[in-house]
Amino acid sequence: MIHSARFLVSNSAVDHCPKSSFPEYAFIGRSNVGKSSLINAMANNKKLAKTSGTPGKTKLINHFLINDAWCMVDLPGYGYAKISKKERNELKKLINGYFAKRKQLVNTFILIDSRHKPQDIDIDFINTMGAQKHPFSIVFTKIDKLSHGQRQNNISVYKSQLLERGWECIPPLFESSAKTGEGKKEILSYIESINSNL
Numbered sequence: 219m220i221h222s223a224r225f226l227v228s229n230s231a232v233d234h235c236p237k238s239s240f241p242e243y244a245f246i247g248r249s250n251v252g253k254s255s256l257i258n259a260m261a262n263n264k265k266l267a268k269t270s271g272t273p274g275k276t277k278l279i280n281h282f283l284i285n286d287a288w289c290m291v292d293l294p295g296y297g298y299a300k301i302s303k304k305e306r307n308e309l310k311k312l313i314n315g316y317f318a319k320r321k322q323l324v325n326t327f328i329l330i331d332s333r334h335k336p337q338d339i340d341i342d343f344i345n346t347m348g349a350q351k352h353p354f355s356i357v358f359t360k361i362d363k364l365s366h367g368q369r370q371n372n373i374s375v376y377k378s379q380l381l382e383r384g385w386e387c388i389p390p391l392f393e394s395s396a397k398t399g400e401g402k403k404e405i406l407s408y409i410e411s412i413n414s415n416l
């Protein structure tokens, strides 16, 4: 349960991120997948993380302190087509640097739009996280836009893709809707279970 949530800081350099020892939970996904909306829904604060209908708008690492005990981190999206190659490389460097240097990071939530078929860029990112042994979970977003049958079918296709790519077991999966709040309780319970074992 989230009792308090406040914005801490935005950074364009990993070395400038907070020096605190609070455990961090990062949120990342393709541009416009709904990262900021999910963070706001979980915190019950529509204005906590800035949302935008423009893909690639989040170009900074944004830290939010939750319950004065842990942080949600809104990372720049990947797969942005409407920015220059130079900007794309800078964001890739920023994201890679965060994963390489942040000792406070305990889990990453990879957000995937449940409406679409598996995208190579998502599968490749998941495989990279696995290869680098970064703990992560997968969150399927915008499930309110699909029927239950469509939702389960799309998720099953993703599971099959991962198994075909050599995954022996599927990472934790969550289904969420920032609009209805579905999945929020399950994600927060998962975070609390990790925190209790730190």
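Residue numbers for the sequence shown follow my numbering, so the first one is 219 and each next one is one higher. In this text, a Cβ means the ideal position worked out from N, Cα and C, and glycines have one as well. Predicted, not measured: the structure shown is a model, and the values here were computed from it.
(request) Leaving aside the five residues before and after Gly297 along the sequence, list all residues of the same chain whose C-beta is less than 7 angstroms from its C-beta, in chain order. (result) Taken in chain order, the residues that qualify are Arg248, Ser249 and Ile339.
(request) Would you kindly report the start and end of the unbroken alpha helix (DSSP H) that includes Asp340? (result) Asp340 -> alpha helix (DSSP H) spans Asp338 to Ala349.
(request) Give me the Cα-Cα distance between Gly367 and Ser332, rounded to the nearest whole angstrom. (result) Using only the alpha carbons, I get a separation of about 12 angstroms.
(message) Using CA atoms only, rank isn't needed, just tell me which of Phe354, Cys289 and Phe392 is closest to Ser238.
(response) The shortest C-alpha separation from Ser238 is found at Cys289.
(message) Once the 5 residues before and after Lys403 are set aside, which same chain residues still bring their CB inside 6 angstroms of it?
(response) Within the same chain, Lys403 has no close Cβ partners at all.
(message) Measuring only the C-alpha atoms, how far is Glu400 from Ser394?
(response) Distance between the alpha carbons of Glu400 and Ser394: 5 angstroms.
(message) Looking at the secondary structure, which residues open and close the beta strand (DSSP E) in which Ser228 lies?
(response) Where Ser228 is concerned, the enclosing beta strand (DSSP E) stretches over Ala223 to Asn229.
(message) Between the alpha carbons of Asn280 and Leu323, how many angstroms are there, rounded?
(response) A straight line joining the alpha-carbon of Asn280 with that of Leu323 spans about 14 angstroms.
(request) Per DSSP, which residues does Phe245 bridge with? Please list them. (result) Under the DSSP definition of a beta bridge, Phe245 partners with Asp292 and Phe327.
(request) Would you give the residue range spanned by the beta strand (DSSP E) that Ile279 belongs to? (result) For Ile279, the enclosing beta strand (DSSP E) stretches over residues Ile279 to Ile284.
(message) Is the separation between the beta-carbon of Ile246 and that of Leu293 shorter than 7 angstroms?
(response) The answer is yes: Cβ separation under 7 angstroms.
(request) Rank Leu391, Leu380 and His334 by C-alpha distance to the C-alpha of Lys363 and give the top, closest one. (result) The shortest C-alpha separation from Lys363 is found at His334.
(request) Thinking Phe354 and Asn314 are a contact (beta carbons under 8 angstroms), I'd like their distance in whole angstroms, please. (result) Not confirmed; about 15 angstroms, so no contact.
(request) Would you mind giving the Cβ-Cβ distance between Phe240 and Ala287, rounded to the nearest angstrom? I have them listed as a contact below 8 angstroms. (result) Confirmed, Cβ separation roughly 7 angstroms.
(message) I'd like the list of long-range same chain contacts for Ser255, defined as Cβ closer than 7 angstroms, with 5 residues on each side in sequence excluded.
(response) Thr269 and Ala396, listed in sequence order.
(request) Sort out for me which residues DSSP pairs Val375 with in a bridge. (result) None; Val375 has no bridge partner.
(request) Indicate the three-state DSSP secondary structure (helix, strand or coil) for Glu386 in the structure shown. (result) Look at Glu386 here: in three-state DSSP terms it is coil, with no helix or strand label.
(message) So if DSSP puts Glu393 in a beta bridge, which residue, or which two residues, is it bridged to?
(response) Beta bridge pairing from DSSP links Glu393 with Phe358.
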